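Residue numbers (the numbering used here): 23 to 360.
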């Protein structure tokens, strides 16, 4: 068994720096040399990683990443953004003894999770508490779906079949003005949305569904080959978040992780209805932007994952069942001499 590993953290969303920092703060740091890459020059990554490289856009980076991993004797490649494009080449990485961590094993499972309509259908087949949705891809179907769902539910919303970070999501409200979109981009006049959709040159696949008005939570999970290693739930409030190491949604997460053979650092989102019942919103085969808040419970999710994948012993601190976390922003001086 090796005692030192070269690992590569490829482009992720806003949490790539957190991933590296949390590994550096764990006892695993003595066993790791951390390479990382991003398609843009990111000075904060240069500061925290051992080596930084600028990579091609993720959609076109698989060949480049494979070559870099071979050149630098990398044992594990972690992908945290659009990882389905790297997943296609899993066998090629395996031939060079490089573990590939993309959030799930197999391109089919990535599609099952990234396609929000397909994901909902699978959850329904598993008798899990999903949210019903109608898929539309033309304006006639959009009008019909809106009419049908307004008759069934007091509040409805629309979100794209494919998307990240809530991009394209909007509540549909008959009574709000057209100007509301400029004041609050998560609410839109229903007719305005229909008119805007009709103007698309190429219609986007959208879901029309009930809008649940209850509390929302986000579960950050380290998992390996369909088994949960550790998980923490974050409940978001206006100015802070609460992190729980035990939560009612964890039992559902276990079923989802096993069914979709999740493998990596992932995120599952839930929301309560008027009666307080939790429903599954979506699953993301990637780390959430705010996953690092969970560290204050004493659980280091990315370190748990790497310890499992590399068969290293992770030293734990005392766990805190519930913590409140307040995000802050700070500046730092960069060295501009080179």
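All C-beta atoms, glycine included, are put in the ideal place defined by N, C-alpha and C.
This structure is a prediction, so every number in the text was calculated from the model and none was measured.
Nearest to residue 103 (by Cα), restricted to the options 72, 93, 234 and 59: 59
At least 3 beta-carbon pairs within less than 8 Å: the region 225-244 vs the region 157-171: yes
Bridge-paired residues (DSSP) for residue 258: 263
Given residue 362 as reference, the closest of 295, 136 and 92 once Cα atoms are compared: With the chain running from 23 to 360 in the structure shown, residue 362 is simply not present.
Segments of 3+ residues assigned as beta strand (DSSP E) that fall wholly inside the region 196-222: 209-211
Cβ-Cβ distance between residue 105 and residue 79 below 8 Å: no
Reference residue 171; option with closest CA among 193, 236 and 242: 193
Reduced DSSP secondary structure (H/G/I, E/B, other) of residue 273: helix
Collapsed DSSP secondary structure at residue 51 in the structure displayed: helix
Stretch pair the region 285-292 + the region 207-223: three plus CB contacts closer than 8 Å: no
Residues near residue 97 in its chain [Cβ-Cβ closer than 8 Å; skip 5 each side]: 24, 27, 28, 29, 119, 120, 121 and 332
Nearest-angstrom beta carbon gap, residue 45 and residue 267 [assumed within contact, 8 Å]: With a Cβ gap of about 20 Å, residue 267 and residue 45 do not count as contacting.
Residue range of the alpha helix (DSSP H) that includes residue 106: 106-109
Collapsed DSSP secondary structure at residue 18 in the structure displayed: Since the displayed the chain opens at 23 and closes at 360, residue 18 lies outside it and no answer follows.
C-beta atoms of residue 294 and residue 236 nearer than 8 Å: yes
Residue closest to residue 301, alpha-carbon to alpha-carbon, out of 155, 53, 41 and 137: 155
Local Cβ density within 10 Å of residue 109, reported as buried at 16 or more and exposed below that: buried
C-beta contact flag for residue 254 and residue 242 at 8 Å: yes
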